[in-house]
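Below you'll find the structure, written out as structure tokens, and then a few comments.
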Amino acid sequence: MNILKGNIVSIKQSDSLMLVFMDVKGQLLNSMLLENGDENRLEVGMDVHLIFKETEVTLATTNSIVSERNSFVSKITHIENGKLLANITLDFLGYDINALITKGALHGLKCKIGDEFRWVVKASEITLQIL
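The following block contains the structure:
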């Protein structure tokens with residue numbers, strides 16, 4: 006599981022849909038959530054953990070253009086090869102971001118330790134935990 010610590014800087018809401026924007030060490034990430042119930046009400050200024058699965062992280066070349074706002078370039082620090090899948094670890098502002106990709110994708114992208122790649126996670130795949 007990928008876990009980043011952030012601070013809510015903005016919330017946009019329309020009916021039950023919310024876009025929550027968080028600052029993580031100077032980088033802006035966002036999460037798309039349904040409802041903002043009274044029990045765990047999110048507010049600007051709150052510290053939160055941003056949590057997302059390794060299987061929800063997509064890798065692309067650094068010059069790729071994507072529609073997702075949660076798109077950052079980071080350096081590969083570790084590659085763990087399995088028979089079918091590879092776990093790629095990237096350094097994002099001192100946090101380890103793990104992406105689980107197929108061996109075919111690993112070879113197709115020609116991933117190597119020390120290379121920079123773009124990693125992407127959809128806003129709808131990020132869960133928030135109030136700290």
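Mapped onto the numbering used here, the consecutive letters of the sequence shown carry residue numbers 6 to 136.
Glycine included, every Cβ here is placed at the ideal spot set by N, Cα and C.
Closest to residue i by C-alpha separation, out of the options, would be which residue?
{"i": "A110", "options": "K88, R46, I56", "result": "K88"}
{"i": "G31", "options": "Q134, K117, I13, N68", "result": "I13"}
{"i": "A104", "options": "H83, G113, G119", "result": "H83"}
{"i": "M6", "options": "E59, H112, G113, K117", "result": "E59"}
{"i": "L114", "options": "L47, F97, I93", "result": "I93"}
{"i": "S21", "options": "K108, L95, V49, L39", "result": "L39"}
{"i": "L90", "options": "L98, T107, I102", "result": "T107"}
Mapping DSSP to helix, strand and coil, what is residue i?
{"i": "S69", "result": "coil"}
{"i": "L98", "result": "coil"}
{"i": "L136", "result": "coil"}
{"i": "S129", "result": "helix"}
{"i": "E40", "result": "coil"}
{"i": "K108", "result": "helix"}
{"i": "L24", "result": "strand"}
{"i": "L47", "result": "coil"}
{"i": "G113", "result": "helix"}
Sorted by chain position, which residues of the same chain lie with C-beta nearer than 7 Å to residue i's C-beta, five sequence neighbours on each side aside?
{"i": "Y100", "result": "L9"}
{"i": "Q134", "result": "V53, H54, I56"}
Classify residue i as buried or exposed, calling it buried when 16 or more other Cβ atoms lie within 10 Å of its own Cβ.
{"i": "N35", "result": "buried"}
{"i": "V25", "result": "buried"}
{"i": "I70", "result": "exposed"}
Can you name, in chain order, every residue of its own chain whose Cβ lies under 6 Å from the Cβ of residue i, other than the five neighbours on each side?
{"i": "F122", "result": "L64"}
{"i": "D52", "result": "N12, L136"}
{"i": "M37", "result": "L24, A128, S129"}
{"i": "D96", "result": "S79, K80, T82"}
{"i": "K17", "result": "L24"}
Looking only at its chain, what residues have a beta carbon closer than 8 Å to the beta carbon of residue i, apart from the 5 residues adjacent to it on each side?
{"i": "N75", "result": "L34, N35, V125, V126, K127, A128, I131"}
Given the structure, does residue i come close to the ligand GDP, in the sense that its CB is under 7 Å from one of the ligand's heavy atoms?
{"i": "V78", "result": "Ligands displayed in this structure: none; no statement on the ligand GDP is therefore possible."}
Specify whether the stretch 60-74 and the stretch 117-136 touch according to this definition: at least 3 beta carbon pairs, one from each stretch, less than 8 Å apart. Below 8 Å, enough C-beta pairs join the stretch 60-74 and the stretch 117-136 to call them touching: three or more.
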